[in-house]
Amino acid sequence: SQTIHQWPATLVQPVGSPLSLECTVEGTSNPNLYWYRQAAGRGLQLLFYSVGIGQISSEVPQNLSASRPQDRQFILSSKKLLLSDSGFYLCAWSVILGSTDTQYFGPGTRLTVL
Amino acid sequence: TQLLEQSPQFLSIQEGENLTVYCNSSSVFSSLQWYRQEPGEGPVLLVTVVTGGEVKKLKRLTFQFGDARKDSSLHITAAQPGDTGLYLCAGASRNAGNMLTFGGGTRLMVKP
Numbered sequence: 001s002q003t004i005h006q007w008p009a010t011l012v013q014p015v016g017s018p019l020s021l022e023c024t025v026e027g028t029s030n031p032n033l034y035w036y037r038q039a040a041g042r043g044l045q046l047l048f049y050s051v052g053i054g055q056i057s058s059e060v061p062q063n064l065s066a067s068r069p070q071d072r073q074f075i076l077s078s079k080k081l082l083l084s085d086s087g088f089y090l091c092a093w094s095v096i097l098g099s100t101d102t103q104y105f106g107p108g109t110r111l112t113v114l
Numbered sequence: 115t116q117l118l119e120q121s122p123q124f125l126s127i128q129e130g131e132n133l134t135v136y137c138n139s140s141s142v143f144s145s146l147q148w149y150r151q152e153p154g155e156g157p158v159l160l161v162t163v164v165t166g167g168e169v170k171k172l173k174r175l176t177f178q179f180g181d182a183r184k185d186s187s188l189h190i191t192a193a194q195p196g197d198t199g200l201y202l203c204a205g206a207s208r209n210a211g212n213m214l215t216f217g218g219g220t221r222l223m224v225k226p
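From first to last, the protein sequence lines stand for chains A and B. Counting from 1, one number per residue, gives the positions in the first sequence under this note's numbering. Counting from 115, one number per residue, gives the positions in the second sequence under this note's numbering.
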């Protein structure tokens, strides 16, 4: 079965510090990978998605970047964090089967920027 | 830009009551998914509906996809405290590369 991991689970960082969040998927090959940010108790905003190694698409301009150095590894980074980067970050994976593209989510990382 | 409107945003009911959550759009989706999310955790997939008019049941939860594949509903019968959580709908569109568009979520609280 497939599993998705995210770490760290929680992170408190000062403004201006760098960021690296990691996501790994097990049990599947060549998945589509996604990074989302979620405001408190609300819907999800897609930040980045990747259909393969080294292929990154950005959905919104921002202070963040993403990389996919391996097939099942997706990294979210920032050189200098802003207060507005605080939030709940979710990684997801999917494999398109027929007409459906169901996404499965990791446990998330709670980021607080002070 | 595709939008999915979820209603209501908040719902507080007593154990045993029935409820319906709605997800509406002016766009057509190739599939629609419902998730439930607990605080501090990632969303967990409940169901995917693909065919217009499709109805799927998951114990006390009934999901329906509109005939035109623009809307969906989630009906919970005899709600229990364990149903408490954030319910999210998400639509996939081939025109958008099968990217998911998420609704704003419905926060449900079921009081014992």
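We treat Cβ as the ideally placed atom computed from N, Cα and C, and that holds for glycine. All values derive from a computational prediction rather than experimental measurement.
S50 (chain A) and N63 (chain A) - do their beta-carbons sit closer together than 8 Å? For N63 (chain A) and S50 (chain A), no; Cβs fall outside 8 Å.
Best match in A:T102, A:S20 and A:I96 for proximity to S77 (chain A) [C-alpha to C-alpha]: A:S20
Out of B:V158, B:A192, B:T134 and B:L117, which one is the CA nearest neighbour of W148 (chain B)? B:V158
Top-ranked residue by Cα proximity to Q128 (chain B), from B:G205, B:T198, B:L214 and B:T220: B:T198
Once you ignore the five residues that flank T162 (chain B) on each side, which residues in its own chain have a CB closer than 6 Å to its CB? S145 and Q147
Look up F143 (chain B) in the DSSP assignment and give the residues it is bridged to. None, per the DSSP bridge assignment.
Along the chain, where does the beta strand (DSSP E) that runs through I96 (chain A) open and close? Run containing I96 (chain A): none; DSSP gives neither H nor E here.
In the DSSP output, what is E26 (chain A) paired with across the bridge? In the DSSP assignment, E26 (chain A) forms a beta bridge with A:T3.
Closer than 7 Å by beta-carbon distance: list the chain A residues that pair up with G205 (chain B), in chain order. Within chain A, no residue comes near G205 (chain B); the closest Cβ sits about 11 Å away, beyond 7 Å.
Count the C-beta pairs between the region 3–10 of chain A and the region 181–191 of chain B that are closer than 8 Å, then say yes if the count reaches three, no if not. no
Which residues of chain A have a Cβ atom closer than 7 Å to the Cβ of P157 (chain B), listed in chain order? F105
Roughly how far, in whole angstroms, is the beta-carbon of T220 (chain B) from the beta-carbon of V135 (chain B), given that I think they are within contact range, below 8 Å? 5 Å
Name the two residues that bound the continuous beta strand (DSSP E) containing Q128 (chain B). F124 to Q128
Compute the beta-carbon to beta-carbon distance between G52 (chain A) and E155 (chain B), rounded to the nearest angstrom, for a pair I have assumed lies under 8 Å. Separation of the CB atoms of G52 (chain A) and E155 (chain B) is rounded to 28 Å, and the pair is thereby denied contact status at 8 Å.
Are S139 (chain B) and G218 (chain B) touching if we call contact CB-CB under 8 Å? no
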